[in-house]
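Everything in the sequence shown is counted per full-length UniProt numbering, starting at 1 for the first residue and increasing by one. Yeah, the Cβ is synthetic: ideal placement off N, Cα and C, and Gly gets one too.
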Amino acid sequence: MSKLTKKDKLNIYKEWTIENKRSTYLSKKYGIGSVSIKYLVSLIHRHGMD
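As structure tokens, this is what we get:
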């Protein structure tokens, strides 16, 4: 798993929620697992983007 910058994490969240990209697409694009994508999105959704 590669380390993601804050900008990467926010881009993943925006692509997931606004553009309706799936976790398999995002996992290939950013080089992390699809489960990690889902976990990241759920954390940002729960705690906000700050």
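Under the three-state reduction of DSSP, Asp50 is assigned to coil, being neither helix nor strand.
About 6 angstroms separates the beta carbons of Leu26 and Ile12, which is inside the 8 angstroms limit, making them a contact pair. If you draw a straight line from the Cα of Lys28 to the Cα of Asp50, it comes to about 25 angstroms. Boundaries of the alpha helix (DSSP H) around Thr24: 23 to 30.
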